[in-house]
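Trainee:
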Amino acid sequence: MWRAGLLAPASFAPKTQVQGDILTMNILVVDDQKEIQMMLRDVLEDHGYEVLTADNGLDALELYRKHRPAFTLTDISMPGLNGLDLLKQIKSLNSEASVILMTGAGTETFAVEALRGGAINYFNKPIDINELVETLSRYSVLASGYDYEHYAADF
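Taking my numbering as reference, the numbering of the sequence shown is continuous, increasing by one, and the terminal residue is 190.
1. Entirely within the region 61-109 and at least 3 residues each: give me those beta strand (DSSP E) ranges in chain order.
2. Tell me where the beta strand (DSSP E) around Thr138 begins and ends.
3. Excluding the five sequence neighbours on either side, which residues of its own chain have a C-beta within less than 7 Å of the C-beta of Asn117, listed in chain order?
4. Rounded to the nearest angstrom, what separates Ser127 and Lys101 at their Cα positions?
5. Taking DSSP as the reference, what is the three-state secondary structure of Ile162?
6. Closest to Ile2 by CA distance: which of Ile162, Thr107, Glu166 and Leu171 is it?
7. Applying the 10 Å Cβ sphere with the 16-neighbour rule, what's the burial state of Phe147?
8. What number of angstroms, rounded off, separates the C-alpha of His185 from the C-alpha of Val176?
9. Cα separation between Asp77 and Ile62?
10. What separation, rounded to the nearest whole angstrom, lies between the Cα atoms of Met87 and Leu75?
11. Quick check: the Cα distance between Leu131 and Gly152, rounded to an integer number of angstroms?
12. DSSP state of Thr144, grouped into three classes?
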């Protein structure tokens with residue numbers, strides 16, 4: 036059963052799936068390097084996330100529109116629509132979207148631009164998988180608890 040969040044407009048609210056007592060969240064992984072994309076998919080699936088993958092920003096934007104993932108993890112340097120432009124496009128669809136950027140060409144300028152653009156975090160490649168999983172876990176807890184606490188006072 037899919038449940039839409041309450042923070043974003045219904046058409047762009049992130050989707051989560053309840054399996055038993057466990058809430059799983061969708062993550063969109065975007066990277067033009069297939070090896071990195073598949074490694075991230077495997078690790079995140081092992082941690083209970085449902086993972087969608089895209090090779091470029093345009094395909095990612097289409098998947099975002101269709102599936103409204105709870106998180107988008109995207110490389111910055113990609114041909115066509117790069118990660119910073121993808122961040123802007125996603126934020127224009129849903130200002131509450133949780134986007135994390137990553138790059139192998141880690142400069143402070145990219146990090147500042149990503150965070151100013153609304154990214155929730157920024158990672159240099161190679162990614163510390165434990166730090167990524169911890170970040171996703173922390174934001175998952177905040178996202179799943181926030182809806183209830185925010186709207187509980189109204190009832």
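Using N, Cα and C, we set each Cβ at its ideal position, and we do this for glycine too.
Mentor: Let's see:
1. Counting only runs that start and end inside the region 61-109, the beta strand (DSSP E) elements of at least 3 residues fall at 85-89.
2. That run of the beta strand (DSSP E) goes Ser133 to Thr138.
3. Residues of the same chain with a CB within less than 7 Å of the CB of Asn117, apart from the 5 flanking positions on each side, are Gly92 and Ile111 in chain order.
4. Straight-line Cα distance between these residues: approximately 15 Å.
5. Of the three classes helix, strand and coil, the one that applies to Ile162 here is coil, per DSSP.
6. In the structure displayed, the chain extends from 36 to 190; residue 2 sits before or after that span and is not available.
7. Checking the displayed sequence, the identity of residue 147 turns out to be Val instead of Phe. That one is exposed.
8. Confidence is the limiting factor: at His185 the pLDDT is only 46, short of 50, which leaves the residue's position unreliable, though a coordinate-based value still follows. Spanning the two alpha carbons is a distance of roughly 14 Å.
9. Rounded to the nearest angstrom, the two C-alpha atoms are 12 Å apart.
10. Residue identity check: residue 87 is Leu in the sequence provided, not Met. Approximately 11 Å between the Cα atoms of the pair.
11. Going by the sequence as given, residue 131 is Glu instead of Leu. If you draw a straight line from the Cα of Glu131 to the Cα of Gly152, it comes to about 12 Å.
12. Correct three-state label for Thr144: helix.
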